Structures are given as structure tokens and as C-alpha cells.
Ligand code: PGA
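Residue numbers (our numbering): 330 to 579.
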């Protein structure tokens, strides 16, 4: 049985005080949810949000991380700094990191291994662009991102995969639940080949890309969709709370 895992990626939104206010609202509304919930504010708000989450079961995530423990990396934030702030999860390989900031699979893999070796959980994002989808290479792209992103990682216990078709992020276009589920199934089968059946069966595979309160239940009703990575709709309690509370039976 895979526990549903709903995550909010706040991207480059909210000052520390704004983030704190939203975190307080979410703790009030969501603390009794049986699902696994994570929120990932900007680096500058991590400390303030952590204080709001004290005693709550909502997990604190970061949106990225530097590739080394410390050193001459101007503008980067290290795994040690994140852990010191109480961060439990880090999102890596988000398509905005890949496409706007040129992060490649090798760098992402370095970060994945570093985070895991320090005991952080990782949400590893993969997904194809519209061009790649139109040329029929979705599974090839996703396979390469997973093979290279997980290269050298012995076990999957600390890893969640987020499948986010790039063309669906922030565009209002969602993959149909059936199309998303097909890719999720492909990912699970690939993980069974790369690792083993048991780990693949237990793996949480989130869908991301224009998730809203009105499509969460339909997506989560699919056999291989175990969670959601939510961007825009995670920025207010009014939209994020109903997503977390989706009822797949409805
Ligand atoms: P979106 O973003 O929900 O705004 O499409 C999802 C994401 O980038 O994780």
C-alpha cells in the first residue's frame, strides 16, 4: 500500500513572512490528514516555515541544493545548510532547473547522491518537453533522465519520482490521467528492471503539471499515480487544502 504523497513547490514566491502565514494556515487545516504532505518554500523562508511546522507532520522541503557539501560555489546552498534548518526533503532536477538554468543529468545525479548520503529524502523530477512528446520520444527521455539521475544509487528508499511533463507546468494543460498513468507505469517497470520488483512496487511516483483542486481526484484515482507535485495551486490554502483532501472515490 503506497501512502499518497502531496507536495507543494512554492518556487520563487513569498517572502519569509508570507510563507509563514501560509504554513500556519496549512498546519491548521491539514494536520489531521493521513496523507504525506510536504511544502517547499524558497531558501529564505525555510527557517521561518520550519518553526511553524514544529510538532506538525507536514514535511519541510527545499527546491534545490548545491552539488558539494561546502566550498567556492557562489550563490549555492549546501546540504549541510539545509539540514541545519531542519529540511527533510529536497526537490532535484525540476524542469525549471534543467531548462532555465542548464542543469544536466550528471549534476543532478551528483546532488541526488549527496542528498541521500546525508539522510535527506529526494523528489527527483523527470519529464519531456512538448517537442519531445510530439516526436514520440517521451519514454526514451524519461528513461534516460532516470537512468542517469539515479546512476550509482544503491537503493530507492529515500527517493520519490515526480513525473512532470514540461509542457504541462504552469500552462493550465494537464496530461490526461490516462496518459500520465501510462508514463507512470513505464517508470515503475523501468525501476523494477533497474532495482527490483519490490522497490518498484513501493515507489511513490508523483504527477506534476497544472494540478488543481478539480483534477486532483481524477489523477489520484489512477493505479500508478501515488502523489502530486503542485506548483501554482500550492500558493494558497484555498487551493492546496482541497488538493490534499481530494477524494479519489469522488
Ligand atoms: P504547476 O507547477 O502546478 O504550476 O504547473 C508544477 C511544478 O512545477 O512542480
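Backbone N, C-alpha and C fix where the C-beta goes; we use that ideal spot for every residue, glycine too.
Note that the structure is predicted; figures quoted are calculated from it, not measured.
If contacts are defined as beta-carbon pairs under 8 Å, then residue 381 and residue 349 qualify, I think. What distance do you get, rounded to the angstrom?
Between residue 349 and residue 381 the Cβ distance is about 6 Å, and since that is below 8 Å, they are a contact.
Counting along the chain, where does the beta strand (DSSP E) carrying residue 364 start and finish?
Taken as a continuous stretch (DSSP letters only), residue 364 belongs to no beta strand (DSSP E), as it is neither H nor E.
Decide if the segment 562-578 is in contact with the segment 511-531; the criterion is three or more beta carbon pairs, one per stretch, under 8 Å apart.
no
Taking C-alpha atoms, which residue in 332, 331 and 336 lies nearest to residue 541?
336
Beta-carbon proximity of residue 491 to residue 420, cut-off 9 Å:
yes
With DSSP as the reference, label residue 461 as helix, strand or coil.
helix
Spatial distance of residue 539 from residue 406 (CA atoms):
28 Å
Taking the Cβ atom as the reference point for each residue, do residue 442 and residue 395 lie within a distance shorter than 9 Å?
Taking 9 Å as the Cβ cut-off, residue 442 and residue 395 do not qualify as a contacting pair.
Between residue 468 and the rest of its own chain, which residues show a CB-CB distance below 6 Å, the 5 nearest in sequence each way excluded?
515
Relative to the C-alpha of residue 453, which residue among 462, 431 and 479 is closest?
479
Under 9 Å, do residue 371 and residue 339 count as touching if we go by C-beta distance?
yes
So for residue 485, helix, strand or coil by DSSP?
coil
For residue 535 and residue 554, I'd like the C-alpha separation in whole angstroms.
6 Å
Residue burial classification, residue 526 (beta-carbon count within 10 angstroms, cutoff 16)
exposed
Of the residues 576, 417 and 472, which one's Cα is nearest the Cα of residue 369?
417
Closest by C-alpha distance to residue 557, when choosing among 345, 498, 378 and 461
498
4 or more residues per run - each alpha helix (DSSP H) lying fully within the segment 530-565
List check, alpha helix (DSSP H) in window: 545-549.
Quick check: does the Cβ of residue 568 come within less than 8 Å of any heavy atom belonging to ligand 1?
no
Given a threshold of 16 other Cβ atoms within 10 Å of its Cβ, counted over all protein chains shown, does residue 549 qualify as buried or as exposed?
buried
Indicate the three-state DSSP secondary structure (helix, strand or coil) for residue 388 in the structure shown.
strand
Quick one: what's got a C-beta closer than 6 Å to residue 523's C-beta in the same chain, skipping five residues either side?
none
Nearest by alpha-carbon distance to residue 487: which of 520, 445 and 458 is it?
Answer by Cα proximity: 445.
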